[in-house]
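Report on the structure given below.
2 protein chains.
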Amino acid sequence: MDGNLLGNRVITQIGLLVNDIDKTSEAYARFFGVEKPQWFWTDAPEVARTEFRGASSDARAKLAFLDMGSLQLELIEPDANPSTWRESLDQNGEGFHHIAFVIDGMKEKIELLGRNGYPLLQKGEYTGGRYAYMDTFQDLKVLIELLENDR
Amino acid sequence: MDGNLLGNRVITQIGLLVNDIDKTSEAYARFFGVEKPQWFWTDAPEVARTEFRGASSDARAKLAFLDMGSLQLELIEPDANPSTWRESLDQNGEGFHHIAFVIDGMKEKIELLGRNGYPLLQKGEYTGGRYAYMDTFQDLKVLIELLENDR
Chain A
1 MDGNLLGNRV
11 ITQIGLLVND
21 IDKTSEAYAR
31 FFGVEKPQWF
41 WTDAPEVART
51 EFRGASSDAR
61 AKLAFLDMGS
71 LQLELIEPDA
81 NPSTWRESLD
91 QNGEGFHHIA
101 FVIDGMKEKI
111 ELLGRNGYPL
121 LQKGEYTGGR
131 YAYMDTFQDL
141 KVLIELLEND
151 R
Chain B
1 MDGNLLGNRV
11 ITQIGLLVND
21 IDKTSEAYAR
31 FFGVEKPQWF
41 WTDAPEVART
51 EFRGASSDAR
61 AKLAFLDMGS
71 LQLELIEPDA
81 NPSTWRESLD
91 QNGEGFHHIA
101 FVIDGMKEKI
111 ELLGRNGYPL
121 LQKGEYTGGR
131 YAYMDTFQDL
141 KVLIELLEND
151 R
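Chains as they are written, first to last, in UniProt numbering: chain A, 1 to 151; chain B, 1 to 151.
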């Protein structure tokens, strides 16, 4: 391994799993004295084309974002379909899920990380870009999400 | 509750618990193509004056910091004495522990959060400042650390 695998080390998001996005959004809004963010569903399966552990999944999640200065907190309430969100929430309960980095060249980055021992865990599309969760836990003690936004 | 309880919403650190700070520091250095950070022990008990769940503790930890753009990743390898670090590592294993915010007026902030339902979990001193972990987990799904640096 040489150089920076991501080409970037600025954390852009911290992702948290929650059971009730409305309740947790409200708690954050009160704690930090900001407006309660509006949650929204991730895209429908035919747009998101989610793959989790190599298999297609209809998984969706409710998302809400809070601006925390230099990065965003992302609240994630997953549905019951197979996903890293659902798996982690069932196994570990509510709380931290991942840190995210903006990258260029998703396909190449997934291959590069794979060659370096960090396999793809889940990927999907969203309006305006795509994401991939890479299984970096054993070495880095966190999951890393790659985000690529269309220009 | 009105206004921002912390007077700030810029996350300055993300704290991760690890079993082997040398090994995880090395993994981060390789992954991000940076120099491996040097770890150091937190201050001795007579300086740190650590209190965990209201009782004095001799707990110490090895710490290492990685600059991740707009914030720091803090790696924490606790010793065996009672602390939120040791408790969380034993109960939940390696990984995420807290997010930290720089605040002014530690005593007042601890009282304000306490009055709003967020009790003090652990506090201590370090050369140049002091910290407090507040038990915000039930509402915010993360622990919050307050940091106050002397001027």
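Where is the CB? At the ideal position from N, CA and C, for every residue including glycine.
How big is the Cα-Cα spacing for residue i and residue j?
i       : j       : result
E125(B) : V10(B)  : 22 Å
T50(A)  : I103(A) : 19 Å
L17(B)  : E77(A)  : 25 Å
Q91(A)  : A80(A)  : 13 Å
L140(A) : A27(B)  : 6 Å
L120(B) : R53(B)  : 7 Å
L113(A) : K36(A)  : 37 Å
L146(A) : Y131(A) : 5 Å
I99(A)  : V142(A) : 7 Å
R151(B) : N149(A) : 41 Å
L63(A)  : T12(A)  : 16 Å
G129(B) : G93(A)  : 33 Å
L6(A)   : L6(B)   : 33 Å
F31(A)  : G117(B) : 11 Å
A29(B)  : T24(A)  : 34 Å
F96(B)  : A55(B)  : 24 Å
L71(A)  : G15(A)  : 11 Å
E108(A) : M68(A)  : 30 Å
W41(B)  : L75(B)  : 12 Å
D20(A)  : L73(B)  : 28 Å
W39(A)  : I110(A) : 29 Å
I127(A) : T127(B) : In the sequence on display, residue 127(A) carries Thr and not Ile. Each residue's alpha carbon lies about 48 Å from the other.
S57(B)  : S88(B)  : 16 Å
K123(A) : A61(A)  : 14 Å
N4(A)   : D22(B)  : 19 Å
G33(A)  : N8(B)   : 10 Å
Cβ closer than 7 Å: which chain B residues qualify as neighbours of residue i?
i       : result
M68(A)  : R9, V10, I11
V112(A) : Checking the sequence, you will find Leu at residue 112(A) rather than Val. What L112(A) touches in chain B: nothing, since even the nearest Cβ is about 11 Å away.
With 8 Å as the threshold, decide whether the Cβ of residue i is near any Cβ in chain A.
i              : result
A100(B)        : no
G3(B)          : yes
L71(B)         : yes
residue 234(B) : Given a span of 1 to 151 for chain B in the structure shown, any question on residue 234(B) remains unanswerable.
Is any beta-carbon of chain B found at less than 8 Å from that of residue i?
i       : result
A27(A)  : yes
D139(A) : yes
G33(A)  : yes
Residue range of the beta strand (DSSP E) that residue i falls in?
i       : result
P78(A)  : 71 to 78
L146(B) : 143 to 149
L16(B)  : 13 to 17
Q122(B) : 120 to 126
D67(B)  : 61 to 68
I103(B) : Segment: none, I103(B) is in no beta strand (DSSP E) and carries neither H nor E.
Where do the ends of the alpha helix (DSSP H) carrying residue i lie?
i       : result
V47(B)  : 45 to 48
L113(A) : 106 to 115
Y28(A)  : 21 to 32
R130(B) : From DSSP, R130(B) is part of no alpha helix (DSSP H) but of the beta strand (DSSP E) over 129 to 134.
D90(B)  : 84 to 92
D139(A) : 137 to 140
Going along chain A, which residues have a C-beta under 9 Å from residue i?
i      : result
T84(B) : Residues of chain A passing the Cβ test: none, with the nearest at roughly 14 Å.
So which residues of chain A does residue i contact, with C-beta pairs closer than 8 Å?
i              : result
G95(B)         : F96, F137, K141, V142
residue 156(B) : Here chain B has residues from 1 to 151 only, and residue 156(B) is not among them.
What does residue i touch in chain A if you count any residue whose Cβ is under 7 Å from its own?
i      : result
V18(B) : K141
Counting pairs of Cβ atoms below 8 Å between the region 100 to 117 of chain A and the region 44 to 59 of chain A, do you hit three or more?
no
Are there three or more Cβ pairs, one per stretch, closer than 8 Å when the region 134 to 151 of chain B is compared with the region 84 to 99 of chain B?
yes
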